[in-house]
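Here's the structure we're looking at; comments come further down.
4 protein chains.
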Amino acid sequence: MIIVMKHQATLEEISAVVSQVEARGYRAHLSHGTERTIIGVVGDDRPLENHQFELLPGVEKVVRILQPFKLASRDFHPENTIVRVRGVTIGGKQIVVIAGPCAVESRSQLLETAYAVKEAGASILRGGAYKPRTSPYSFQGLGEDGLELLAEAREATGLPIITEVMSPEAVPIVGKYTDIFQIGARNMQNYALLHAVGKTRTPVFLKRGMMNTVQEWLMSAEYVLSGGNQQVIVCERGIRTFETATRNTLDINAIPLLKQWTHLPVFADPSHGTGKWELVAPTAKACLAAGADGLIIEVHPHPEQALSDGVQSLKPERFKELMEDLRRLVPALDRTI
Amino acid sequence: MIIVMKHQATLEEISAVVSQVEARGYRAHLSHGTERTIIGVVGDDRPLENHQFELLPGVEKVVRILQPFKLASRDFHPENTIVRVRGVTIGGKQIVVIAGPCAVESRSQLLETAYAVKEAGASILRGGAYKPRTSPYSFQGLGEDGLELLAEAREATGLPIITEVMSPEAVPIVGKYTDIFQIGARNMQNYALLHAVGKTRTPVFLKRGMMNTVQEWLMSAEYVLSGGNQQVIVCERGIRTFETATRNTLDINAIPLLKQWTHLPVFADPSHGTGKWELVAPTAKACLAAGADGLIIEVHPHPEQALSDGVQSLKPERFKELMEDLRRLVPALDRTI
Amino acid sequence: MIIVMKHQATLEEISAVVSQVEARGYRAHLSHGTERTIIGVVGDDRPLENHQFELLPGVEKVVRILQPFKLASRDFHPENTIVRVRGVTIGGKQIVVIAGPCAVESRSQLLETAYAVKEAGASILRGGAYKPRTSPYSFQGLGEDGLELLAEAREATGLPIITEVMSPEAVPIVGKYTDIFQIGARNMQNYALLHAVGKTRTPVFLKRGMMNTVQEWLMSAEYVLSGGNQQVIVCERGIRTFETATRNTLDINAIPLLKQWTHLPVFADPSHGTGKWELVAPTAKACLAAGADGLIIEVHPHPEQALSDGVQSLKPERFKELMEDLRRLVPALDRTI
Amino acid sequence: MIIVMKHQATLEEISAVVSQVEARGYRAHLSHGTERTIIGVVGDDRPLENHQFELLPGVEKVVRILQPFKLASRDFHPENTIVRVRGVTIGGKQIVVIAGPCAVESRSQLLETAYAVKEAGASILRGGAYKPRTSPYSFQGLGEDGLELLAEAREATGLPIITEVMSPEAVPIVGKYTDIFQIGARNMQNYALLHAVGKTRTPVFLKRGMMNTVQEWLMSAEYVLSGGNQQVIVCERGIRTFETATRNTLDINAIPLLKQWTHLPVFADPSHGTGKWELVAPTAKACLAAGADGLIIEVHPHPEQALSDGVQSLKPERFKELMEDLRRLVPALDRTI
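Respectively, the protein sequence lines represent chains A, B, C and D. Residue 443 is where the first sequence starts when you use our numbering, and the numbers rise one by one after that. Residue 443 is where the second sequence starts when you use our numbering, and the numbers rise one by one after that. Residue 443 is where the third sequence starts when you use our numbering, and the numbers rise one by one after that. Residue 443 is where the fourth sequence starts when you use our numbering, and the numbers rise one by one after that.
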């Protein structure tokens, strides 16, 4: 942390800041520039709040030097984290594809999709039993019935399952069924929920909030990690920008950036990232080319009848074509699938 | 809902869309333009999903005509909603100012602030007992002890209290103490929480998500209203943009826009909206000039020692000056305070 | 400028950075933290480029401490700049209102508007002769005929005039007529144009680019100031955000922020800032409440027939009402009008 | 164009709108819904302005159905446009890579880079002679001396050249040397400049404005096309968002979207799109995987000494590695390089 003093800060003001730094158990290091004096705070200053200094007389601003996350950082954990789920290895050389419907709608819809995505080469089955919907008038999911159908589909196909959990009190019931907890974009900063899944030992698939920076996102991962759950996967799913021609703007830059900053496996969701099924295949390839460890893709046997997100779902035959394209692509990226 | 057909859509494709519209119980109204045929869906189409038509062959896109919210709309409820809390009338001619610390930190801090803001003219006391913090290493609030201190401050000063509730399971305990539930920006789309407060009859103070449109925000209000709780206040608190010189960008346009679109009382939060105490007074005045029904402002007796948000908190003496300025201002706006 | 070294930077890498700093004529000031070593660059480092250090081995990042603008800054010019145009004083205690049509369309349209805004209390007449239009198929302005009509309207009413200049080669011809050059939002970083108006002594009204930070905007002002033209007025006109319910998001925070950072007069444009005439009056009042020195407002006698921006133009009678409201408002802000 | 009437619009208001539509030579098509009446405008309504109807009594809003661009659209020009420059074919099956320094700094710097990028496999040489810089205190380019060096490098290596033109008056001089005009992001809506290059027959490389939608961008292409110049290439170079960890957010979605909407060749600029050299290679691959027809990449022999953009420039050896990676990648995408 660097404390920048104002142009005309007095010696008394500078001394007072130094005293405050030292009173909190840190060392202060002064540097007198030609226009500003700056004071370096020496020590792990993550627990300090900016305003504790920014409001002292003569202070212009406080600049943070350290990344605020620690457990999620490669500085402190250089090796890639590998997450293992019922025989599927996530975060290694092999690309992992998660596929399935946005929402579990019926036994036949789910099973038909599960068999299709398995045959095409997906490793994990997705499906929402509890759905966060913008409108209270939209389909809200089948609830525990949906969870049971997911478990049945797992038994039938052998695919591990992932499903969203939306509130702390639902963690036990969802955890009874699912292999991976999905935390949705709207809940990325639902700290009560992060706290609850952090106390479990079930892997957590943490989607980026559509309004959140990569740094804030890794701070949310830090919540889970600091709870003791080391099995966290992060998933880029598009951010909100001024561009409205697509549902979101898939932040492709975030993928290699995350591979630099964190040891956690990095996934991408081209279905939500674009919101248009025609754009899913090209952006899915782009995400792998950029270094993603895996993909999550919405597949529905009859998208025009889907109860949610139909417009961004692939039909099984198109998903199969995409998987064939990916099999051609990944050797050029030194990955397997 | 308007269904726009592609440039070269065939007659068969057009008929198929019409059949689908009619199969769902709506009337279809065709209009043949020079470049496109469009199909109007006649009826309350809010329950329909765009993709149910967008994925049919020959369809280019679906355009929504109706606002998706109904209970929150002036179309269906032209008169202003008035919320009454222990003798304070919100949404009428009189401006209501809510003030207090970001977080309840101690008995003395809260009582000192409560007396100060009351004397300066605030009508309601704010204070967080449960705090949503970006970092798991930051102060997370006093919890129920904080709620008890708030109740004590209410008893001492006579000011009604408002405090944030962060998860559905906390609704009963927070509801036992508070006069108004605050839903924070990060929880604006926490639907489980909206559902829970919608089942109570305690007023709900719904802050805008930092990356949510006004339309989505009113859809979140719709969640509460459709649960049966008519006592909803909406509060603009700044949105996230590319500008980083301020913590958020206070969306001043949203204030008069909301007064057109909805009958609910509209508040503004210049503390979060700017993130800098020096900008709070000018923007507070601006919000009232734009038509806000009230303000929520962070006040702390010793901001440099605050456990959160110190940099945007006013000291009691500055808050008093601001209230004096507002008393001079509001007659020119045909309001009282 | 602070150079932050990587977690495991070696002593050799640190020395090499220090040598580079000194080789460029600056002093290097080292500070060894617990996780990072940082190197302060002592001297006016505005001419340095970040990458000159960021690319050296062992460097993690470079953090700028100084604002990049100098001539535009209050640090170096604490007193408010006052711009005087044919008897109108801009930047003083008196609020200045500029009004008129988006585009000059005809003699009668311009004169009718000019007389109306003068009578209502405007001090300066606006009108575009050259129009930047998103579509090549839209009305592009009357060109020099428009400039002549503006000059005629000035003669008739006594109001000074402001009009947009869009390219360096048009500076002489526009300068022959106008009292103030307007630089539009799309040209805020048209450096050839900034350079050209910087060489004149005609006041420059510099609108904020819809994609630009306040810092970049003051850097554009710096271009004009460094050319020798000290008569610069900055005008907030809304930025582009994810919100599409309004044409732009008027950045109300920028107004008091600019009053802190710069000595230049600060205006606001609620017509472009909102894009909807119903929102112009409330946001115009808000801008003055936030500290703006003046307003620029689009007025058209028959907005529904306007060749551009009709939807955000006020009719003369509504402009008159607004001016009456402003006359009631400004005493409470210790201003005159 | 669809005109949506208000909830309680009267029959007189509806008739008046219909009369206005017909008075402008269009047919009006009425559709009476349960909550709103809507009026379809039949005919090519691109020349109409929204406000001509939006301001009529009883009108709620106007919704555009047609894309505003025509010459740039696949609707009217289904086949891909191929641009040919001194034997290089742009927009076909073969990927084209443009490379070179951000700015031409010296003869040796340019020639060294030109030979290196040619050997690595680039087809076109880039280099800026006139530089748009945020600060008036930064290096502004060598001007015509830079153009001469570019011509010399072309002669020496046989590579065609591309360089930026920043103002209409510079079009003749830049056009004397360059094979392709580059229009930079800050000038995407500099209509005087678009007009000037539209009158030439030199290919135009049109970068996206950092805060412009894909639709606005194609409207800028339309300016050039409507001037008679059919040789336009569009280049995604990142947009501005709230994320500040990277210089821009490369909008990967825009690439396949453009391939749907327009027949023009689509390029991508991972150097500006990320602003960090470590992220250039992964995102370059991602852009090709998403369907880009080519790339433009900054290469500098000594980035730490570059006069601009050093931090995002590749060294020649890294560029060579990238080209090797691309050669492995493109067969899996059914392209050549």
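Built from N, CA and C at the ideal position, the CB exists for glycine as well.
Of the residues D/G585, D/L635, D/S548, the one whose Cα lies closest to the Cα of D/G669 is D/L635.
Under DSSP, B/E740 forms a beta bridge with B/G542.
Taken through DSSP and simplified to helix, strand or coil, D/A595 comes out as helix. The alpha-carbon of D/K727 is positioned some 35 angstroms away from that of D/K641. Spatial neighbours of C/P574 in its own chain (CB-CB distance under 8 angstroms, excluding positions within 5 residues in sequence) are listed in chain order as E606, M608, G626, R628, N629. Ranked by Cα distance from A/T686, the first of A/Q702, A/L706, A/G717 is A/G717.
Closest in alpha carbon position to A/I779, among A/G569, A/C677, A/L497, A/I537, is A/I537.
In chain D, no part has a C-beta under 8 angstroms from the C-beta of C/V674; the shortest such distance is about 13 angstroms.
In this chain, the alpha helix (DSSP H) harbouring A/Q551 covers 549–562.
D/R628 sits in a helix when the DSSP states are folded into three classes. Short of 6 angstroms from the beta carbon of A/L749, and not among the five residues preceding or following it, lie these beta carbons of its own chain, in chain order: A545, E547, F581.
Contact of D/R682 with chain C by beta-carbon distance below 7 angstroms involves M653. Restricting attention to D/P724, D/T691, D/F623, the CA atom closest to the CA of D/V676 is found in D/F623. Closest in alpha carbon position to A/A593, among A/V741, A/T576, A/L567, A/S577, is A/L567. If you draw a 10 Å sphere on the C-beta of A/S662, you find 16 or more other C-beta atoms in it, and that means buried. Nearest in C-alpha terms to C/D693, of all of C/N671, C/I738, C/W703, C/A732, is C/A732. Listed as beta-bridge partners of D/E606 by DSSP are D/Q624. Under the Cβ criterion (8 angstroms, minimum of three pairs), the region 473–480 of chain D counts as touching the region 444–453 of chain D. For A/T576, the chain B residues whose Cβ falls inside 7 angstroms of its Cβ are E658, M661, in order along the chain. Interface annotation, B/D767: not in contact with chain D, CB-CB separation never under 7 angstroms. D/R516 and D/T655 do not touch by the CB rule: their CB atoms are close to 18 angstroms apart, not below 8 angstroms. Boundaries of the alpha helix (DSSP H) harbouring C/G617: 613–619, taken from the DSSP string. Nearest Cα to B/F495 within the set A/R769, A/V646, A/G752, A/V559: A/G752. In the three-state reduction of the DSSP assignment, B/T531 falls in the strand class.
DSSP places B/M447 inside the beta strand (DSSP E), whose first and last residues are 444–447. For B/H474, the uninterrupted beta strand (DSSP E) segment begins and ends at 469–474. Rounded to the nearest whole angstrom, the C-alpha separation of A/V639 and A/I604 is 14 angstroms.
The alpha carbon of D/A571 has as its nearest neighbour, out of D/R549, D/Y633, D/R506, the alpha carbon of D/R549. In the three-state DSSP reduction, C/I507 falls in the coil class, being neither helix nor strand. Look at B/F518 here: in three-state DSSP terms it is coil, with no helix or strand label.
The beta carbon of D/K701 lies closer than 7 angstroms to those of V708, G733 in the same chain, with the five residues before and after it left out.
Between the alpha carbons of C/A710 and C/G736 lies a distance of about 7 angstroms.
Taking all protein chains in view, the Cβ of B/L513 is crowded by 16 or more other Cβ atoms within 10 Å, so the residue is classified as buried. Under the DSSP assignment, C/I456 falls in the alpha helix (DSSP H) whose first and last residues are 453–465.
Put simply, the CB of C/Y557 is far from chain D, with every gap to its CB atoms at 7 angstroms or more. Taking the CA atoms as reference points, D/K762 sits about 8 angstroms from D/V559.
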